[in-house]
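Student: Structure provided below as structure tokens; questions to follow.
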Amino acid sequence: MNAIAASEIKTLRLSIYRYDPLKQEKPYMQDFDIDIPAEKDLMVLDVLMLAKEQDPSISFRRSCREGVCGSDGLNINGKNGLGCITPLSDAIKSNKLSIRPLPGLPVIKDLIVDMKQFVDQYKKVKPYLITDKKVDTREAIPQTIEEREKLDGLYECIMCGCCSTACPSFWWNPDKFLGPAALLQAYRFIADSRDTATEERLEQLEDAFSVFRCHGIMNCVSVCPKGLNPTKAIGEIKKMLVKRAL
Amino acid sequence: MAMNGKGTFLDASTLPVKEFDGIIVGGGGSGMMASLQLAKSGMNTAVVSKVFPTRSHTVSAQGGITCSIQSADPDDDWRWHMFDTVKGSDFIGDQDSIEYMCKEGPEAIFELENMGLPFSRTEEGKIYQRAFGGQSKDYGKGGQAERTCAAADRTGHALLHTLFQANVKAGTNFLSEWFAVDLVKNQNDQVVGVIAFEIESGEPYFLKSKATVLATGGAGRIYQTTSNALINTGDGTGMALRAGFPVQDMEMWQFHPTGIHGHGTLVTEGCRGEGGYLVNKDGERFMERYAPNYKDLASRDVVARSMFTEILEGRGCGPDADHVYLKLDHLGPEIVHKRLPGVTELSKRFAHVDPAEHPIPVVPTCHYAMGGIPTNVHGQVISQNPDGTDKIIDGLYAAGEAACVSVHGGNRLGGNSLLDLIVFGRSAGLHIEESFKAGIKMDDPSSDDVDYALRNLNRVNVSQSGENFVEVKKDLQKTMQMNFGVFRTEELMENGIKEVSDLRDKSQNIHLADKSSQFNTARVEALELLNLIEVAEATAISANERKESRGAHSREDYPDRDDENWLKHSIYFSDTKQVSKRDVNFRPKQVQAFQPIVRTY
Numbered sequence: 029m030n031a032i033a034a035s036e037i038k039t040l041r042l043s044i045y046r047y048d049p050l051k052q053e054k055p056y057m058q059d060f061d062i063d064i065p066a067e068k069d070l071m072v073l074d075v076l077m078l079a080k081e082q083d084p085s086i087s088f089r090r091s092c093r094e095g096v097c098g099s100d101g102l103n104i105n106g107k108n109g110l111g112c113i114t115p116l117s118d119a120i121k122s123n124k125l126s127i128r129p130l131p132g133l134p135v136i137k138d139l140i141v142d143m144k145q146f147v148d149q150y151k152k153v154k155p156y157l158i159t160d161k162k163v164d165t166r167e168a169i170p171q172t173i174e175e176r177e178k179l180d181g182l183y184e185c186i187m188c189g190c191c192s193t194a195c196p197s198f199w200w201n202p203d204k205f206l207g208p209a210a211l212l213q214a215y216r217f218i219a220d221s222r223d224t225a226t227e228e229r230l231e232q233l234e235d236a237f238s239v240f241r242c243h244g245i246m247n248c249v250s251v252c253p254k255g256l257n258p259t260k261a262i263g264e265i266k267k268m269l270v271k272r273a274l
Numbered sequence: 009m010a011m012n013g014k015g016t017f018l019d020a021s022t023l024p025v026k027e028f029d030g031i032i033v034g035g036g037g038s039g040m041m042a043s044l045q046l047a048k049s050g051m052n053t054a055v056v057s058k059v060f061p062t063r064s065h066t067v068s069a070q071g072g073i074t075c076s077i078q079s080a081d082p083d084d085d086w087r088w089h090m091f092d093t094v095k096g097s098d099f100i101g102d103q104d105s106i107e108y109m110c111k112e113g114p115e116a117i118f119e120l121e122n123m124g125l126p127f128s129r130t131e132e133g134k135i136y137q138r139a140f141g142g143q144s145k146d147y148g149k150g151g152q153a154e155r156t157c158a159a160a161d162r163t164g165h166a167l168l169h170t171l172f173q174a175n176v177k178a179g180t181n182f183l184s185e186w187f188a189v190d191l192v193k194n195q196n197d198q199v200v201g202v203i204a205f206e207i208e209s210g211e212p213y214f215l216k217s218k219a220t221v222l223a224t225g226g227a228g229r230i231y232q233t234t235s236n237a238l239i240n241t242g243d244g245t246g247m248a249l250r251a252g253f254p255v256q257d258m259e260m261w262q263f264h265p266t267g268i269h270g271h272g273t274l275v276t277e278g279c280r281g282e283g284g285y286l287v288n289k290d291g292e293r294f295m296e297r298y299a300p301n302y303k304d305l306a307s308r309d310v311v312a313r314s315m316f317t318e319i320l321e322g323r324g325c326g327p328d329a330d331h332v333y334l335k336l337d338h339l340g341p342e343i344v345h346k347r348l349p350g351v352t353e354l355s356k357r358f359a360h361v362d363p364a365e366h367p368i369p370v371v372p373t374c375h376y377a378m379g380g381i382p383t384n385v386h387g388q389v390i391s392q393n394p395d396g397t398d399k400i401i402d403g404l405y406a407a408g409e410a411a412c413v414s415v416h417g418g419n420r421l422g423g424n425s426l427l428d429l430i431v432f433g434r435s436a437g438l439h440i441e442e443s444f445k446a447g448i449k450m451d452d453p454s455s456d457d458v459d460y461a462l463r464n465l466n467r468v469n470v471s472q473s474g475e476n477f478v479e480v481k482k483d484l485q486k487t488m489q490m491n492f493g494v495f496r497t498e499e500l501m502e503n504g505i506k507e508v509s510d511l512r513d514k515s516q517n518i519h520l521a522d523k524s525s526q527f528n529t530a531r532v533e534a535l536e537l538l539n540l541i542e543v544a545e546a547t548a549i550s551a552n553e554r555k556e557s558r559g560a561h562s563r564e565d566y567p568d569r570d571d572e573n574w575l576k577h578s579i580y581f582s583d584t585k586q587v588s589k590r591d592v593n594f595r596p597k598q599v600q601a602f603q604p605i606v607r608t609y
């Protein structure tokens, strides 16, 4: 950073969750004082990178730094979100910023969680097109504008994990309840006019846990950095399952 | 055998080995297209990616994938696309490769659609195509074409996730969050795999294979301001150079016209394809002066230079007159929010404006490497014999932005990078599959060969003191930005070459203070620096050597294109730091070659 006059700098107290299982028995919070230019509304990821310049051993994931790759899902002052598109002005309370890993998943180191459970649930919903329509590498499977619009709000998921790790149902049953991200993905294919495996997909979801552990708490909706609505998608699946059972 | 605090020295005798039929380094578009091909053919395939695959930079591509699928225009012709691409390349794109890409493209697009890629649609239920820069009908004579297939303005995201899903279905092995350090070569100059470590545990391995594909993407992080993700550090390119293989046309870096001012993040060329345009501080639509026919949809090098000329001549916007505006508000909120939802989100986030109401402040930002590891159309890596003829490297392939096949030559057209990824990712996969069927014999590497490939990892692991790699990286980015930007001169570049050389010396002596094994991101960043240095030095020396202006390489001291001397690729070797020339391919198979003409838009 270029030299900035002292009057333009404010100091932020940043508190970061630290844990290296090979070094510590227990995690702890470490405080940093970060100087930031007063007129700039930095993103939380920018602040983390400034802290890493002070202490290169701090570990966190990051890639696109523009909210599309889904690497830096974090718990920021108590709320899940992406570090790279959460401005300090949205995140901080009384000049203090506290960053923890996404809750509910095992911590590998510092802010890095083990995403295995999350990805396993995603894989369970067969997240790919299954179709018995004529598939020909010389043309597209036809789809109208209206049919395609049904996928808006579903296909944009970036698999950051903010939603599932904010969901109490997922905390309790991460192996049996699929969680909002995987269910959004399940509905993305059910809703796709090109996919013909709806029956197979619904059959797989028909148990007490996979879908029905969702109690409409809607934490997923309030934290999704892409503004998606997994609860609505889950509601659609529930409706289809109920209708199917009648 | 974890790398502990004492800094364990690794050697071949104790290094665990994992063997695969094919190894793909990189989990972006080209890597996952190659792996899909191999996994579907039943080969034991591993994708080695330093990030979870959907975090790869392909995800950021917005506007689309250019291809003559005859949806917007039933009369569209892949030969017109080929002409545009050759012209866009300023005539140093290889015409056999461009022909292959434009002709094979439609099949690859439909394959992706059949896999489930959620393309936007037309009234007839076909794939939606929009206008992009440098696109014409009838070989430049029939006006603007609409040839870029789009999934709203999130095409890269849709493509990457679809490919990941298809690989999940096909049973590809993902070595996710593994970092590849260096290639392993045997005594016959054949590549037999890579040294890599699992980032989570720090455990190093020799990943052995008869086919290694470098699909590591770009290296925009050699510059201070770039659209590229933080992970785009040219890892495969650095590995190839350190193994003694050359790179091609590394002076050719594309500066994308519409980076968001102050941040570098892009808004797509599709903004202009949908009817947006650039204005200077007087509100003038200045591209009408520079490119009377194509205006804002001239090719990217032309638009970026025009913008900088406006800024340098004092017609820039803002308090520092250091950017221009991209105007979209006249399109109305319906078009802006429906067709460009991602752009709307990015401009609100990073420029604090809703583009349906206010213009977006933009400035050109480093975006794409046209150059890279030279390959043929099958993705096989090519080196040069002493007499200047091509030499195929057994066991090594490259695809996507890391490669230079070369379909982009001196300047890439918008939407052609995604097409490059899928067409040549697939062709590399096909070639490996066929080679396996025919049978590949390769000698095992000696323990010295493996030890040699371990040298950089060892150096970093046992360092006791030395340079701070974060500082070296910052200095590198600064000197590249200052000396190898949009307008170049010998004076600046010679200064830059000296600074880069000094930084290379420092990089040989970097210190990794934190020797811990568990998810040590500092170790990854230290090793990435070694790759950035290789790419930056190749860029610097090649740029100074090309004494002409062509495509993205614009020199104030040699303002004209010099077809007599430089209708050539540049080839650079890291060990000698010498640049030689390589013939451009003018032998397409089914059409007459397009000869160089004056390039205007």
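Heads up: the protein sequence lines correspond to chains S and W, in order.
Residue numbering for the first sequence follows our numbering, beginning at 29 and increasing consecutively.
Residue numbering for the second sequence follows our numbering, beginning at 9 and increasing consecutively.
Even glycine gets a Cβ: it sits at the ideal position worked out from N, Cα and C.
1) G418 of chain W and A560 of chain W: beta carbons closer than 8 Å?
2) If we call anything under 8 Å between Cβ atoms a contact, is L230 of chain S one with P258 of chain S?
3) Helix, strand or coil, according to DSSP, for K7 of chain W in the structure here?
4) Go to R128 of chain S, then tell me how far its beta strand (DSSP E) extends in each direction, as first and last residue.
5) Buried or exposed, going by whether 16 or more other CB atoms sit within 10 Å of the CB of D565 of chain W?
6) Taking the alpha helix (DSSP H) that Y609 of chain W falls in, what are its first and last residues?
7) Could you check where the alpha helix (DSSP H) with K152 of chain S kicks off and where it finishes?
8) Just to make sure I have the definition right: I need the residues of chain B whose C-beta is within less than 7 Å of the C-beta of V96 of chain S. Which are they?
9) If we count the other Cβ atoms within 10 Å of its Cβ and call it buried at 16 or more, is D164 of chain S buried or exposed?
10) Could you please tell me which residues of the region 46 to 68 of chain S, in chain order, have their CB closer than 8 Å to any CB of chain W?
11) Between the region 421 to 439 of chain W and the region 379 to 394 of chain W, are three or more C-beta pairs nearer than 8 Å?
12) In whole angstroms, give me the CA-to-CA distance for F287 of chain W and Q262 of chain W.
13) Measuring CB atoms only, is the region 63 to 75 of chain W touching the region 250 to 269 of chain W, in the sense that at least three cross pairs come out at less than 8 Å?
14) Taking A174 of chain W as the reference, give the member of W:T233, W:C157, W:G37, W:I77 with the closest Cα.
15) Checking the sheet assignment: what are the DSSP bridge partners for H577 of chain W?
16) Straight-line CA distance for H577 of chain W to D257 of chain W?
17) Please name the residue or residues paired with F182 of chain W in a DSSP beta bridge.
18) Give the secondary structure of A436 of chain W by DSSP, where H, G and I count as helix, E and B as strand, and everything else as coil.
19) Thinking C-alpha only, which one of W:D522, W:F17, W:K58, W:H264 is nearest V309 of chain W?
20) Which residues in the same chain have their Cβ closer than 7 Å to the Cβ of R216 of chain S, if we skip the five residues on either side of it in sequence?
21) At a CB distance below 8 Å, what residues from the region 213 to 224 of chain S approach chain W? Give them in sequence order.
22) Would N313 of chain W be called buried (16 or more neighbouring beta carbons within 10 Å of its own) or exposed?
23) Measuring CB to CB, does G423 of chain W end up less than 8 Å from D161 of chain W?
24) Report the start-end ranges of each alpha helix (DSSP H) in the region 80 to 126 of chain S that is 4 residues or longer and not cut off at the edges.
25) Determine the DSSP secondary structure at V163 of chain S, reduced to helix, strand or coil.
26) Tell me whether G13 of chain W sits in a helix, a strand or coil according to DSSP, three-state version.
27) Tell me, to the nearest whole angstrom, how far the beta carbon of Y405 of chain W is from that of A219 of chain W; I am working on the premise that it is less than 8 Å.
28) What is the residue span of the alpha helix (DSSP H) that E112 of chain W lies within?
29) How is G37 of chain W classed by DSSP in three states: helix, strand or coil?
30) Grouping DSSP H, G and I as helix and E and B as strand, with all else coil, what is P596 of chain W?
31) For L157 of chain S, which residues in chain W fall below 7 Å Cβ to Cβ?
32) Exposed or buried, which one is R297 of chain W when buried takes at least 16 other CB atoms within 10 Å?
33) At what residues does the beta strand (DSSP E) containing R420 of chain W begin and finish?
34) Are at least three pairs of beta-carbons, each pair with one atom in the region 513 to 529 of chain W and one in the region 223 to 234 of chain W, less than 8 Å apart?
35) Below 8 Å between beta carbons is the criterion; list the residues of the region 343 to 354 of chain W that meet it against any residue of chain S, in chain order.
36) List the endpoints of the continuous alpha helix (DSSP H) containing E498 of chain W.
Tutor: With the structure as the only source:
1) Yes, they are a contact pair.
2) No Cβ-Cβ contact shorter than 8 Å links L230 of chain S with P258 of chain S.
3) Outside the shown range of chain W, which is 9 to 609, sits residue 7 of chain W, and nothing can be said about it.
4) Secondary structure note for R128 of chain S: its beta strand (DSSP E) is the uninterrupted segment 124 to 128.
5) Exposed, since its Cβ has fewer than 16 Cβ neighbours within 10 Å.
6) First-last for Y609 of chain W: undefined, no H or E at that position.
7) Going by DSSP, K152 of chain S is part of the alpha helix (DSSP H) stretching over 144 to 152.
8) Included in the structure are the protein chains S and W, with no chain B among them.
9) Residue environment: D164 of chain S is assigned as exposed (fewer than 16 neighbouring CB atoms within 10 Å of its CB, all protein chains considered).
10) Answer set for the region 46 to 68 of chain S: D48, P49, L50, K51.
11) Three or more beta-carbon pairs drawn from the region 421 to 439 of chain W and the region 379 to 394 of chain W are found closer than 8 Å, and the two stretches are therefore classed as touching.
12) Note that residue 287 of chain W is Val in the sequence shown, not Phe. So the alpha carbons of these two residues sit roughly 21 Å apart.
13) With contact defined as three or more Cβ pairs closer than 8 Å, the region 63 to 75 of chain W and the region 250 to 269 of chain W are not in contact.
14) Among W:T233, W:C157, W:G37, W:I77, the Cα nearest to that of A174 of chain W is on W:G37.
15) According to DSSP, which records beta bridges pairwise, H577 of chain W is partnered with W:R590.
16) Roughly 6 Å between the two C-alpha positions.
17) Answer is W:V55.
18) If DSSP states are grouped into helix, strand and coil, A436 of chain W belongs with the helices.
19) The identity of residue 309 of chain W in the sequence shown is Asp, whereas the question assumes Val. Distance check between D309 of chain W and each of W:D522, W:F17, W:K58, W:H264 places W:H264 closest, using alpha-carbon atoms only.
20) Answer for R216 of chain S: L179, L182, Y183, listed in chain order.
21) Here the close residues are F217, D220, R222, D223.
22) A small correction: the amino acid at residue 313 of chain W is Arg; Asn does not occupy that position in the sequence shown. Taking every protein chain shown into account, the CB of R313 of chain W has 16 or more other CB atoms within 10 angstroms, so this residue is buried.
23) Their beta carbons are not under 8 Å apart, which means G423 of chain W does not touch D161 of chain W by this criterion.
24) Runs of the alpha helix (DSSP H) inside the region 80 to 126 of chain S: 116 to 119.
25) In the structure shown, V163 of chain S adopts coil according to DSSP, grouped into three states.
26) With a pLDDT of only 42 at G13 of chain W, under the threshold of 50, the placement of this residue in the model should not be trusted, and no figure is reported.
27) Right, their Cβ atoms sit about 6 Å apart.
28) Counting along the chain, the unbroken alpha helix (DSSP H) around E112 of chain W starts and ends at 103 to 123.
29) Of the three classes helix, strand and coil, the one that applies to G37 of chain W here is helix, per DSSP.
30) P596 of chain W carries a coil assignment under DSSP once its states are collapsed to helix, strand and coil.
31) Here the neighbours are M123, G124.
32) When all chains shown are included, R297 of chain W counts as exposed.
33) No beta strand (DSSP E) contains R420 of chain W, which DSSP labels as neither H nor E.
34) Touching, no, given that fewer than three Cβ pairs across the two stretches are closer than 8 Å.
35) So the list reads G350, E353, L354, given in the order they occur along the chain.
36) From DSSP, the alpha helix (DSSP H) with E498 of chain W extends over 498 to 515.
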